[in-house]
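Step one of this worksheet: look at the structure below.
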Amino acid sequence: MAAKIIDGAACGREIRAEVAAETARLAAEGTTPGLAVILVGADPASEVYVRSKTRACHEAGMHDRLIQLPGSVTQDELFGAIDGLNADPEIHGILVQLPLPPHIHPKAVLERVHPSKDVDGFHPLNVGRAFVGDPRGFVPATPAGIMELLRHERIETHGRHVVIVGRSLIVSKPLASLLMAPGPNATVTLTHRHTVDLAQHTRMADILVVAVGKPGLITADMVKPGAAVFDVGTTRVPDEKHAKGYVIKGDVDFDAVAEKAGWITPVPGGVGPMTIAMLLRNTVEAAMRVHHARTKGERRRMGV
Ligand code: NAP
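The numbering used here applies: residue 4 is where the sequence shown begins, and numbers increase by one.
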């Protein structure tokens, strides 16, 4: 059996077109959505991610602002930059690109971003809101993108067993809470480095999500025939044949697993483009909330 290859790039383009239309509508009414990205230091992979995020913003018609700070920046200076963006009415979404240099505490930084502008969904208030299903929160972009791909491909989650490899706060935990909620109604198993006999768990998955960062971790014998396999991993592997000197690899042995699975996401071109699309969607949502609050206030002042 050959799996259906899930085209995250095409699905991401559809969402970005919807975001661009909503951006144009809001801009015509006086609120142009704006996203600011803070990049600390000169990590080459982070620079690529940040550039693709700001480019996508620009293409959707949003304000995009990139704040580049040296790796030697102090935590207080970084807080100052975040505070400035928190107070800036042109900016509706703020994200601080991770990882940060070791002298800066990522938790403190993520908590400094105002929850209403935390379009990454990493502030504890938004983590909690997402966990209890409160729609005022922002759901992190990668799990939101996987949920969107499941809907797009009409993959049944109700009563199905989802196994997630990895337990990060960015991908795996929020995805588990979205999938087990009433609606999707999946049964979810989270696994990690200390899980005994990982293959025994992955083989039971109707839907297998892998977010680890170890190329080749998931081999065909670890996958149930017909399963839907979502590969979140993105690792730069040196490759002299490639002009860039590296290729991006997922965690799944793609060729062998594609022979056995029912659906599979490629790397690149699967989950990655959805992450950017959902980040833009969160930014438009943040701008829309500000816009509605403002217009409601204006109507009230005018007595209508
Ligand atoms: P992370 O914080 O790097 O954590 C990796 C997780 O994998 C940890 O929970 C770790 O377990 C687990 N793990 C490591 N080795 C394992 C093994 N042999 N068996 C089972 N579990 C194992 O995770 P992340 O931030 O979610 O990132 C994971 C990967 O996804 C990375 O390659 C990252 O670049 C990529 N990513 C891609 C996107 C995208 O848009 N495509 C977005 C986000 C992340 P412990 O907790 O026990 O250490």
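Glycine included, each C-beta is placed from N, C-alpha and C at the ideal position.
Leaving out five residues on either side along the sequence, give the residues of the same chain with a beta carbon under 7 Å from the beta carbon of residue i.
i: Thr145; result: Ile173, Val174, Val235, Val274 and Thr278
i: Ala84; result: Ile41, Ile70 and Leu72
i: Leu182; result: Thr160, Val165, Ala189 and Val191
i: Ser49; result: Leu42 and Gln100
For residue i, I'd like the list of residues in its chain whose CB is within less than 8 Å of its CB, leaving aside the five on either flank, ordered along the chain.
i: Gly162; result: Asn188, Ala189 and Thr190
i: Leu220; result: Val168, Val213, Gly236, Asp254 and Val255
i: Gly312; result: The displayed coordinates of the chain run from 4 to 307. Any statement about residue 312 would go beyond what the structure contains.
i: Ile18; result: Glu151, Met277, Ala280, Met281, Leu283 and Arg284
i: Arg170; result: Lys176, Leu193, Thr194 and His195
What is the rounded straight-line gap between the Cα of residue i and the Cα of residue j?
i: Arg284; j: Tyr249; result: 30 Å
i: His95; j: Pro118; result: 11 Å
i: Gly265; j: Gly15; result: 21 Å
i: Ile251; j: Lys244; result: 13 Å
i: Ala179; j: Val307; result: 44 Å
i: Gln203; j: Phe141; result: 34 Å
i: His126; j: Met225; result: 35 Å
i: Gly64; j: Ile149; result: 25 Å
i: Lys217; j: Arg239; result: 10 Å
i: Asn89; j: Glu114; result: 12 Å
i: Glu262; j: Ala246; result: 29 Å
i: Ala27; j: Asp258; result: 41 Å
i: Glu25; j: Pro47; result: 32 Å
i: His61; j: Asp67; result: 6 Å
i: Asp79; j: Ala111; result: 11 Å
i: Pro228; j: Pro143; result: 30 Å
i: Pro241; j: Glu288; result: 38 Å
i: Gly87; j: Val116; result: 10 Å
i: Val130; j: Ala184; result: 15 Å
What first and last residue would you give for the alpha helix (DSSP H) that runs through residue i?
i: Val287; result: Val274 to Met305
i: Ala13; result: Gly11 to Ala31
i: Gln1; result: The structure shown does not extend to residue 1, since the chain is modelled only from 4 through 307, so no value can be given for it.
i: Phe257; result: Phe257 to Ala261
i: Ala111; result: Pro109 to Arg115
Measure from the alpha carbon of residue i to the alpha carbon of each residue in the options, then state which is nearest.
i: Ala231; options: His164, Lys217, Pro177 and Glu50; result: His164
i: His106; options: Gly44, Asp86, Pro92 and Ser55; result: Gly44
i: Ala39; options: Val76, Glu156 and Leu98; result: Leu98
i: Ile158; options: Ile267, Ser55 and Val130; result: Ile267
i: Phe82; options: Thr205, Ala208, Thr57 and His108; result: His108
What residue range does the beta strand (DSSP E) around residue i cover?
i: Asp234; result: Ala231 to Asp234
i: Thr238; result: Thr238 to Pro241
i: Val226; result: Neither: Val226 is in no beta strand (DSSP E) and is coded neither H nor E.
i: Ala39; result: Gly37 to Val43
i: Val270; result: Careful: Val270 lies outside any beta strand (DSSP E) and carries neither H nor E.
i: Lys247; result: Unbroken run through Lys247: none, as it is neither H nor E.
i: Leu211; result: Ile210 to Val213
For the ligand COA, I want to know if residue i counts as a neighbour, meaning its beta carbon is within less than 8 Å of at least one of the ligand's heavy atoms.
i: Met277; result: Among the ligands in the structure shown, the ligand COA does not appear; only the ligand NAP can be found there.
Using C-beta distances below 6 Å, list every residue in its chain close to residue i, excluding the 5 sequence neighbours before and after it, in chain order.
i: Ile34; result: First, the amino acid is wrong: residue 34 is Thr here, not Ile. The answer, listed in chain order, is Ala290 and His294.
Counting only runs that start and end within the region 129-198, where is the beta strand (DSSP E) found for 3 or more residues in a row? 164-168 and 190-194
Quick one: complete alpha helix (DSSP H) runs, 4+ long, within the region 54-101? 78-89
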